[in-house]
Amino acid sequence: MLSDEGERVNSLVSLLKRRGIIFPAFSIHGGVAGLFDYGPVGARLLRKVQNQWREHWISKGNIVEIDSPTITPESVLKASGHVDAFNDHASECRSCNAIFRSDHLIESHHTNPDSLDSEELGMIISNNGIKCPSCGEQQWHQPRPMNLMFPTRIGATGGGRAAYMRPETAQGMFVTFPMIQRHFRNRLPFGAIQVGKGYRNEISPRQGMIRQREFNMAELEYFIDPEAVFENDLSNWNDTRFQFIPDPKGGDSETIEMMISDALDSNIIRHPVVAKFMAETYDFIVSIGADPSKIRFRQHESDEMAHYATDCWDLEMFGSYGWIECVGIAHRGCYDLEAHELATNSNELRAWREFSKPIEVEKMVASPISSIVGPTFRERAKDVGDALMSLDEMPTSFPFNLLLDDGTSVSIEENMVEVKQIHDMIRGEWFIPHVVEPAFGLDRIIWHLLDHGYEITEKEGEEYLILHLSENVAPYELVVLPLFEKDGMSEIAHQIRTKLISLSGINAYYDGSKSIGRRYARADEIGVPWAITIDYTTIEDGTITVRRRDDQSQIRISHDDLIQYVSTNSLNTLF
RNA sequence: GCGAGCGUAGUGUAGUGGUUAUCACCGGGCGUUGCCAACGCCUGAACCCGGAUUCAAAUUCCGGCGCUCGCACCA
Numbered sequence: 008m009l010s011d012e013g014e015r016v017n018s019l020v021s022l023l024k025r026r027g028i029i030f031p032a033f034s035i036h037g038g039v040a041g042l043f044d045y046g047p048v049g050a051r052l053l054r055k056v057q058n059q060w061r062e063h064w065i066s067k068g069n070i071v072e073i074d075s076p077t078i079t080p081e082s083v084l085k086a087s088g089h090v091d092a093f094n095d096h097a098s099e100c101r102s103c104n105a106i107f108r109s110d111h112l113i114e115s116h117h118t119n120p121d122s123l124d125s126e127e128l129g130m131i132i133s134n135n136g137i138k139c140p141s142c143g144e145q146q147w148h149q150p151r152p153m154n155l156m157f158p159t160r161i162g163a164t165g166g167g168r169a170a171y172m173r174p175e176t177a178q179g180m181f182v183t184f185p186m187i188q189r190h191f192r193n194r195l196p197f198g199a200i201q202v203g204k205g206y207r208n209e210i211s212p213r214q215g216m217i218r219q220r221e222f223n224m225a226e227l228e229y230f231i232d233p234e235a236v237f238e239n240d241l242s243n244w245n246d247t248r249f250q251f252i253p254d255p256k257g258g259d260s261e262t263i264e265m266m267i268s269d270a271l272d273s274n275i276i277r278h279p280v281v282a283k284f285m286a287e288t289y290d291f292i293v294s295i296g297a298d299p300s301k302i303r304f305r306q307h308e309s310d311e312m313a314h315y316a317t318d319c320w321d322l323e324m325f326g327s328y329g330w331i332e333c334v335g336i337a338h339r340g341c342y343d344l345e346a347h348e349l350a351t352n353s354n355e356l357r358a359w360r361e362f363s364k365p366i367e368v369e370k371m372v373a374s375p376i377s378s379i380v381g382p383t384f385r386e387r388a389k390d391v392g393d394a395l396m397s398l399d400e401m402p403t404s405f406p407f408n409l410l411l412d413d414g415t416s417v418s419i420e421e422n423m424v425e426v427k428q429i430h431d432m433i434r435g436e437w438f439i440p441h442v443v444e445p446a447f448g449l450d451r452i453i454w455h456l457l458d459h460g461y462e463i464t465e466k467e468g469e470e471y472l473i474l475h476l477s478e479n480v481a482p483y484e485l486v487v488l489p490l491f492e493k494d495g496m497s498e499i500a501h502q503i504r505t506k507l508i509s510l511s512g513i514n515a516y517y518d519g520s521k522s523i524g525r526r527y528a529r530a531d532e533i534g535v536p537w538a539i540t541i542d543y544t545t546i547e548d549g550t551i552t553v554r555r556r557d558d559q560s561q562i563r564i565s566h567d568d569l570i571q572y573v574s575t576n577s578l579n580t581l582f
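Letter by letter, the first sequence follows residues 8 to 582 of this note's numbering.
Given below as structure tokens:
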């Protein structure tokens, strides 16, 4: 028997299918789990959410958008850690079918389980008589690798370079950091966003749109100087109560409700930029129509947190599947840029920090006199010079033995060096920027907008469905309805519709079939916020009625005013 | 990946070996109708795929694919 929530999900899912919003992909070929189509109505919903998201961040002023390939060479994802992290081995118990990560099973028998292949892992498991933690038996299948990335090859003729479909868009921002930094003329902080597809070959996708194999992501990488002091002005949110579930550190996790500035002051949130982005993220999610009471922030527990993150929060949304993480906001430290620097030897992934006051350095050096050192040591002269310059202690007597980098030593005469005091100004230093990353799962967010907005009600004893989508994401802003398709009403309706869709960003459709009530119902079902009706009065005086979806109230205005109100996005002020 | 259940028009469904495959909503056309799924007539649309058993399969069996739930997995 299905729970009420189950019924609700089924009902919403069948509406989404029926009305061409979101539905399983490739179904005429049997379907593929974890892949979905956004149809004629849904695609515009997705596009509007993406555009609202872009606007939200771009309007901060120091954030730019980029767009990177989804096909990513293996070396990039090796550097980022995804090849290894996504290459865990799993051991399955023959007796009870439980599955465990192989490296976890042998933790106490091997110091570096990550380096082993499946045969070695299998050997260690059997040689040490590892028992199944679940049933205690010792009957294991051979460990199998579980790589969650889609592999591919670059190049059409055999061979080619190994690559994967990207598991996140973030790497695109990290590897193009040099260009982004140049764009901002080397002034931190700045950020880059990217909206696009990510791919994960899930073992078993579940929960409809919640875990997909190809999904829409939107990520911001915000680069900061770890030593910079950030203003903690969160006063814009003084009237907002946030729900937090802080890291319980082994204790019970409890929801607490407080202002975000208090959460930061009491060090529940550990970094001001993280706090700011949490608040901004909350604003965005609410602005596109989510129910604020169904939003909360959960802090990752220390052992759940990715190893590079120093503070990590999930924004969770509540819906028919319970609380689902929809946004991850992570302070990733310098992990990502450093990883690419190490892998590529690039020196472009650093930023320059000018000291407020240059540091003056006075020191004694033993400077080689190259007219003597050169002819004396010939091809070793450069090594000798380097060794002299890096001496910490000045020679007190001559000749002395100088140890070179290659382990050999040479004898240095007094006439070969000039011991002198030098003056140096250190104006700043290079460092690897830290990064704070809000990463949005757009499909999950859209699911929750649909879920929060989905109302099953009754009209005259019959089930009546309304999708309360926010106007700034609704696939159609308006529908134009002639009361009847006769006496010229149809023509007027078409003219008004044509005018409306010529306005920028406005989409409206014409519907003239069946009764007026049915057409209102069809529009309510796909969340059209405004219905414009042309009736006999329109023919007489040019006024039309505007019906508001959310309460079905109507007003009458001239059709010139209609165009005016729609183009200024202010129909709501009429009610 | 394991176990259980399931797969029938666009949607939701009925159907235990022989039916013209049920019903409702839905879509299209015509008529009618003075504003919230009205009505009449006409019309459209389905047994997941493949194999086997059988005179005969939506129905039984096998395999595949998909869905739901539980276990596991989910940087």
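The C-beta atom is built at its ideal place from N, Cα and C for all residues, glycine as well.
Beyond the five residues adjoining it in sequence on each side, ASN576 comes within less than 8 Å, by CB distance, of GLU478 in the same chain, given in chain order. Residue environment: GLY167 is assigned as exposed (fewer than 16 neighbouring CB atoms within 10 Å of its CB, all protein chains considered). In the structure shown, THR288 falls within a helical segment according to DSSP collapsed to helix, strand and coil.
Here the C-alpha atom of ILE161 lies approximately 20 Å from the C-alpha atom of GLY88. Between ARG529 and ASP542, the gap from beta carbon to beta carbon reaches 8 Å or more.
Beta-bridge pairing by DSSP links TRP437 to TRP359. Note that the stretch 210-222 does not touch the stretch 375-383; fewer than 3 beta-carbon pairs, one per stretch, sit closer than 8 Å.
Each residue's CA atom was taken as its position, placing GLU175 and PHE582 some 44 Å apart.
By the Cβ neighbour-count rule, ILE28 is buried, with 16 or more other Cβ atoms within 10 Å of its own. DSSP, reduced to helix, strand and coil, places TYR483 outside both helices and strands of the structure shown, so it counts as coil.
Within the stretch 10-75, the complete alpha helix (DSSP H) segments of 4 residues or longer fall at 11-25 and 49-65, listed in chain order. A distance below 8 Å between beta-carbons, with the five flanking residues on each side excluded, links VAL417 to the following residues of its chain, in chain order: PHE384, ARG387, VAL391, ASN408, LEU409 and LEU411.
Looking at the DSSP output, LEU472 bridges to ILE463. Scanning the stretch 212-240 for uninterrupted beta strand (DSSP E) segments of 3 residues or longer gives 221-231, listed from N- to C-terminal end.
In the DSSP annotation of this structure, the continuous segment of the beta strand (DSSP E) that includes MET172 starts and ends at 168-172. Residue pairing by DSSP places ASP431 opposite VAL368 in a beta bridge. Taking each of ARG26, GLU465 and HIS278 in turn and checking the Cα distance to ASN239, the smallest one comes out for HIS278. For the set ILE200, SER497, HIS501 and ASP568, the Cα lying nearest the Cα of GLU444 is the one of ILE200. Note on PRO76: under 16 other CB atoms within 10 angstroms of its CB, so exposed under the neighbour-count rule. In this structure, the beta-carbon distance from GLN59 to VAL202 does not fall below 8 Å. DSSP lists THR540 and ARG563 as the bridge partner or partners of THR552. Comparing alpha carbon positions, the residue from TYR516, GLY512 and SER511 closest to GLN502 is TYR516.
For HIS190, the uninterrupted alpha helix (DSSP H) run begins and ends at 184-190, by DSSP. The DSSP-derived three-state label of LEU581 is helix. Ranked by Cα distance from ARG360, the options ARG194, GLU287 and ILE564 are led by ARG194. Remark: C-beta atoms of ALA50 and LEU42 do not approach each other more closely than 8 Å. Contact annotation: ILE539 and LEU474 have beta-carbon atoms that are not nearer than 8 Å. In this structure, SER98 and HIS148 form a Cβ contact; the two beta carbons are roughly 7 Å apart against a cut-off of 8 Å. Contact annotation, PHE197 with PHE191: C-beta distance approximately 4 Å; criterion of less than 8 Å satisfied.
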